[in-house]
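One structure is given here, and the rest of the page talks about it.
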């Protein structure tokens, strides 16, 4: 089980025009925004990434407006190859990573894979990731599952983190997922 004490959300490259043209973009952006807001309420760290932002643009406003701080810019497809991400990841002290973003078969896959290879627990939120095509999303999810990176959903991971209906932030999270 993922826990509030050990979890960290990784938001991968939901930015610019690409964020609007991936498969089911509105649902993905909405689910990432819900996850971000829930993590803020639960005081779970968020590592927020942007791929080459000077060329691809910034994170979708629907998400960025809810995140404190600045995104980590990257050029490598895997965030694990960027020093700023590695430093932030280590500083968080977290061992469980919830991965969301785009594109599933490129940056999400490579980041999740390298986190798993480093011995961390990693889950990918299937309704909060996407690619330009359904086929590429499916291949990315399939390869991650074969590596032991388990699928979850927005609602499933949030209830897993809450664990109880009497959690102090249950009502806040419930309002987000309704």
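Residue numbers (full-length UniProt numbering): 1 to 178. Even glycine gets a Cβ: it sits at the ideal position worked out from N, Cα and C.
Residues near residue 170 by beta carbon distance below 6 Å, same chain, minus five either side: 162
Bounding residues of the beta strand (DSSP E) (the contiguous stretch that carries residue 20): From DSSP, residue 20 is part of no beta strand (DSSP E) but of the alpha helix (DSSP H) over 16 to 21.
Residue interval of the beta strand (DSSP E) (run including residue 53): Unbroken run through residue 53 is the alpha helix (DSSP H), 53 to 56; no beta strand (DSSP E).
Same chain, Cβ closer than 7 Å to residue 179, neighbours up to 5 away in sequence not counted: Past the boundaries of the shown model lies residue 179; the chain is included only from 1 to 178, so the question cannot be answered.
Neighbourhood of residue 172 by C-beta, 8 Å cutoff - its chain only, sequence neighbours within 5 removed: 38, 41
When 25, 6, 114 are compared against residue 103, the one with the closest alpha-carbon: 25
Residue 36 beta carbon less than 8 Å from that of residue 101: no
Distance CB(residue 96)-CB(residue 2) smaller than 8 Å: yes
For residue 152 and residue 34, believed in contact at Cβ under 8 Å, the rounded distance: The pair is not a contact, with the Cβ atoms about 13 Å apart (cut-off 8 Å).
Which residues DSSP lists as bridging residue 106, in chain order: Beta-bridge pairing links residue 106 to no other residue.
Rounded Cβ spacing between residue 140 and residue 167 (contact assumed at less than 8 Å): The pair is not a contact, with the Cβ atoms about 32 Å apart (cut-off 8 Å).
For residue 29, three-class secondary structure by DSSP: helix
Cβ distance (whole Å) where residue 78 is taken to contact residue 110 below 8 Å: 4 Å
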